[in-house]
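Residue numbers (the numbering used here), protein chains in the order written: chain H, 3 to 352; chain S, 3 to 352.
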């Protein structure tokens, strides 16, 4: 890839600290993260002191910061990263889970996750027509024959979903069924997920344009028995479904593909299976709902869209499971919070 | 990839002979094609005798065969391959343009285009929800977290669109603008193009399940000044838009990605540009039309769907350009022909 010119002050790296010792994580990422501002958010359930190596430009947020802005939003576990999204003042957010390290190419060079994500976000997306040669704006690629010329300008890309080498982002049943499976397939491509296609957005390795889609990335749906394992969580899946819907409605693009991160093993998938795996059941309700949602033309910014979706969730999914009603409430509260934080300190240049 | 067990008698390789000397083409493909039955269709405009090397199990079709079944369908140029689709009795068709040779991996081994296409067609497609790790049925892959379990069975895959190394499938303006550009990016992935996503299907390297989608692959839209160059043609783009619509309506899948073929240079893109490039203008009319089409529930097989689309083309696009009216007529005639050929000699085991 060709490196985009990234202004350091346009990017916040957000890290959710689920484990106390971030030393090896931060050292692995140092060559890539060192030039950017970091927002580290400590899981409010984590009792131990964080261990963070020196030499980073960073701000740390903990439970007391969260309690100051909201007592109703759940920021526990992986959801603490959303607090980082809320307090950031930057245009772009790049978020990586703390069990991931940079992936390396065959020669041992690091793939620059930040550069690739920002490139994905900076270059237009093409949600209205599928390009068979993947991202037409990438060096060496273009629009293939038959691609309508009127659609070749593309639209603004709002979200860039990265992927995972080694341990892929499977759910607990899949992981438990294939304990030895590791993802070794590096697919050197990024593509726009087409308009109206539903997708499972993963929060493990993701970047987005905070100015246009920030309010649509929130901690909404929490499973009752949810632990500290990605394969148990649905918060990112739920907010991803909402965010994709919002992007489709607002004419924004969502890309998926490179960059990859190297994801290390953590936890025991079989242990997870012993719990009732509610996420699986909920998703079956969620898909027909999202297929049916149409947002009104009056919803012209992400905040409006999230409130519209929340109202529909309350009405249509609320009776199915109380978790959906709680998710709807959390979405309304999130938009309130987002607006409050924005108005308290307006984004420079926004 | 893991090789599927391909029954030789399930596959027809269809080659449109646009140039008379097929010697080097056939010799390059011999290791892959030798076990299959070939249907070679000679461009009816081609005057010279075909030169075809010995040792293939093949049938040759020429202008006189075409004239016997239809005098109204245009089988000239690349469109002659459709005659091969019509007369085949096999379940699967694999079609490759005669300016393509097998692509090779880093060690000089040939990529087996037929095995990959048949694997794509045999394994289910997943049009209703996007899987970020590409084809979940491929070895070493699976459905990622958040993918609804009720959609993991997938649906039957009807079309497999392959890609091109070296000379990519660009239109004349793009090719003329970037005369030196060659596609060197081998992306080792195949994915299902999501439901309702429009796409530019290329006829250069394509395979399909003839039993379920055959009638939807037809020579319909012909540009007036259309030559013998792919970058000038729109017949495959047009029928691809129809075929994708039919697949979406019938709950069938369309995949895009591997296998690649190595595509050699042929023709002069700048020469093409001297003609009025009508295809560009037509596509702008075509996209809103296909966005608006809804097929009735009574259309339950591909033939029905094509007739429904033809009627809508006639009504809505006919007034825009007479070429669309002619395309609609050709579609109706194609379905008549398809049914006549089918009833004359029913497909064994169908």
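Glycine included, every Cβ here is placed at the ideal spot set by N, Cα and C.
This structure is a prediction, so every number in the text was calculated from the model and none was measured.
If you check each beta-carbon in the segment 196 to 229 of chain H against every beta-carbon of chain S, the ones closer than 8 Å belong to 196, 197, 198, 199, 200, 201, 202, 203, 204. In chain order, 210, 211, 214, 215, 249, 254, 255, 256 place their CB closer than 7 Å to the CB of residue 160(H), counting only its own chain and leaving out the 5 sequence neighbours on each side.
Of the candidates 244(S), 192(S), 93(S), 192(S) places its Cα closest to the Cα of residue 128(S). By alpha-carbon distance to residue 185(H), the top candidate from 179(H), 171(H), 30(H), 196(H) is 171(H). Looking from the CA of residue 102(S), the closest CA among 252(S), 206(S), 304(S), 328(S) belongs to 206(S).
For residue 122(H), there is no enclosing beta strand (DSSP E); the enclosing alpha helix (DSSP H) has its first and last residue at 115 to 124. Remark: C-beta atoms of residue 196(H) and residue 202(S) do not approach each other more closely than 8 Å. Counted as a single uninterrupted DSSP element, the beta strand (DSSP E) harbouring residue 164(H) occupies residues 159 to 168.
If you draw a straight line from the Cα of residue 112(S) to the Cα of residue 194(S), it is about 24 Å long.
In the structure shown, residue 156(S) falls within a coil segment according to DSSP collapsed to helix, strand and coil. Separation of the CB atoms of residue 92(S) and residue 13(S) is rounded to 6 Å, and the pair is thereby assigned contact status at 8 Å. Under the 8 Å criterion on CB atoms, residue 286(S) is classed as interfacial with respect to chain H. Pairing residue 109(S) with residue 95(S), the inter-Cα distance amounts to about 29 Å.
In the three-state reduction of the DSSP assignment, residue 239(H) falls in the helix class.
The way I'd put it, the segment 154 to 168 of chain S doesn't touch the segment 228 to 245 of chain H; fewer than three beta-carbon pairs between them come closer than 8 Å. A straight line joining the alpha-carbon of residue 306(H) with that of residue 241(H) spans about 15 Å. The shortest C-alpha to C-alpha distance from residue 79(H) to any of 289(H), 115(H), 235(H) is the one to 235(H). Take residue 18(H), set aside five residues on each side of it, and the residues of its chain with a beta-carbon closer than 6 Å to its own are 43, 80, 82, 83, in chain order.
Residue 259(S) is bridged by DSSP to 192(S).
Across the structure, residue 97(S) and residue 237(S) are spaced so that their CA atoms are roughly 15 Å apart.
Assignment of beta-bridge partners to residue 207(S) by DSSP yields 98(S). Around the C-beta of residue 347(S), fewer than 16 other C-beta atoms lie within 10 Å, and the residue is accordingly described as exposed. A residue is called buried when at least 16 other Cβ atoms come within 10 angstroms of its Cβ; residue 133(H) meets this threshold and is buried. Residue 200(H) and residue 266(H) have their C-alpha atoms some 27 Å from each other. What residue 272(S) touches in chain H, judged by beta-carbon distance under 7 Å, is nothing: the nearest beta carbon there is about 16 Å away. Shortest Cα-Cα distance from residue 120(S) to any of 174(S), 208(S), 67(S) involves 208(S). Straight across, the Cα-Cα distance linking residue 274(H) with residue 283(H) is about 15 Å. One thing to note: residue 167(S) has its Cβ within 8 Å of the Cβ of residue 264(S). In this structure, the beta-carbon distance from residue 316(H) to residue 327(H) falls below 8 Å.
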